[in-house]
Structures are given as structure tokens and as C-alpha cells.
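Asks: Numbering (the working numbering), first residue to last: 1128 to 1384.
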């Protein structure tokens, strides 16, 4: 059995293409028993998603992709190593386990979008996240998470420190997120799995869904260019969805992993 836990709808403005209903219907088409919606920063599509899932017999999992700053002590260590901290913000995926978790999703999202200090960096301080973790499961964010960013910049000790701190505030509810995207070059997967094993943290396989069909990749790049106010030619691949970010079936995920 497999269910997708990292998906974007068109409520992730100019990042995702499908409606919540399309996501739910596709999950039902592939006989997936459940599906998560994890739009970037906002929860605008969650009620629509919940109703659409219930209509087709799919268990809705309400979630959020949230940009979060690492703990200050790790930022200071990163600055001492390479003199740069501004690029170290990464995303986490938060999934509600119950009504307490849903309430915390609402609080975190609302505060990020209304607090001028958080809006300026478009990220939440780690300490703010730590204050509202009850009822939430945390995934480490995949290729856009701080853990992977530090591995790819050859700083595995910082990755270990970050996952340890996350595990302190999400005790028993933290999963290290492994993604196998269609890409070339160095993959951080084995290093990430090794660190997770050393910390005795469970691993979850995810796939970032930005559109339903493979042929929608060009349209996703177009909306990314609009979001960035650039031409498509000026928009780097790093600013668009990963290659192959369509809705993979169970057989495709099994083959990939």
C-alpha cells in the first residue's frame, strides 16, 4: 500500500496545477486509500479537499508545507563554517493527526501570513514552530528541506543536529522524507538514510505532486515563470517543480523505489 503525502493543489498559488477535487479523484482512480494535501504556506483548499475525498471514498489527510528556519545555534554554526545563513531556510511537511493538530496548522499558517517579521523572510523561526507541535506529524521536507540542503552542501553534521532538534519537538512523530526525483548529479539519499538510521528515525518515501499528468510539466514551468515575473527561458529548473512531478501510481512508485 502507498499513499501520497506531499502534494500541491492550485491553492499553492503558481506552484501547483490541480484542483483538490482532481487530486482526490486521481487517488481514487489509483485505488489509494488515503491522500494528503500539503499546499505551500496556506490551508485555503483543505475543506474543499476534505469534501472531495469523502465523496470518492478516500481518507483525507490535512497538511501544510511550511518554510522554517533552523534553530539559531545551527544557523550560527553554519555561518561560522561558510559565512552564509540566508539560504538555509527549508520546508517541513506537517500533517494533522487530530483536531489539536488541525488547530495548530491553522495557527502556524495564519501567523506566517500575518506577522510582518515572518513575512519578510517568508519563514517561521524554529522556536515558533516548537510552540505548536501537538497533534502534528512532521516530515523532513524532502529535497527542499534543510536536512537535504545541508547534505548537498557537504555538512552532514548540521543535518544530524537539525534532525535531532526536530525529534525533540516531534518526539515519535518525525519521519525522514526520501524522494527519488528524475534528475542527474549527486543524490543525497544514502547519506540521509544513514543519518536517519544512526538517529533511529523512521523513513518515509514521498513524491512531490505539482500536476496530474506528465504532459503538464510545461504548463507548470509557465506558471512558475509568472510567479517569478520572468520569461520561461530565464526561469531556472531549480525554481520550478522537479522533473516528473506528476501523480505517480502505486506501480510507478514501487518501480522507482
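A virtual CB, placed ideally from N, CA and C, is assigned to each residue, including glycine. As the structure is a prediction and not an experimental result, all values here were calculated from the model.
What do you get for residue 1180, buried or exposed, if any count of 16 or more other CB atoms within 10 angstroms of its CB means buried?
Replies: So residue 1180 ends up on the buried side.
Asks: Determine the contact status of residue 1301 and residue 1322, defining contact as a CB-CB distance below 8 Å.
Replies: For residue 1301 and residue 1322, no; Cβs fall outside 8 Å.
Asks: Residue 1194 bridges to which residues according to DSSP?
Replies: Paired residue(s): 1218.
Asks: Relative to the C-alpha of residue 1163, which residue among 1292, 1363 and 1135 is closest?
Replies: Of the candidates 1292, 1363 and 1135, the one whose C-alpha sits nearest the C-alpha of residue 1163 is 1135.
Asks: Please confirm whether residue 1250 and residue 1279 have their CB atoms less than 8 Å apart.
Replies: Against a cut-off of 8 Å, the Cβ pair of residue 1279 and residue 1250 comes out as no contact.
Asks: Considering only residues of the same chain and omitting the five flanking positions on each side of residue 1172, which have a CB-CB separation below 7 Å?
Replies: Taken in chain order, the residues that qualify are 1136, 1138, 1147, 1164 and 1166.
Asks: State the DSSP-derived secondary structure class of residue 1318, mapped to helix, strand or coil.
Replies: The answer is helix: DSSP assigns residue 1318 an H, G or I state.
Asks: Identify which residue in 1343, 1288 and 1360 has its Cα closest to the Cα of residue 1370.
Replies: When only C-alpha atoms are compared, the closest one is 1343.
Asks: Alpha carbon to alpha carbon, how far is residue 1362 from residue 1353? Give it in angstroms, no decimals.
Replies: When rounded, the distance between both Cα atoms is 10 Å.
Asks: Any idea what DSSP makes of residue 1302, helix, strand or coil?
Replies: Strand at residue 1302.
Asks: By a C-beta neighbour count over all protein chains shown, 10 Å radius and 16 as the cutoff for buried, is residue 1200 buried or exposed?
Replies: Exposed, since its Cβ has fewer than 16 Cβ neighbours within 10 Å.
Asks: Is residue 1133 buried or exposed, if buried means 16 or more other CB atoms sit within 10 Å of its CB?
Replies: With 16 or more other Cβ atoms within 10 Å, it is buried.
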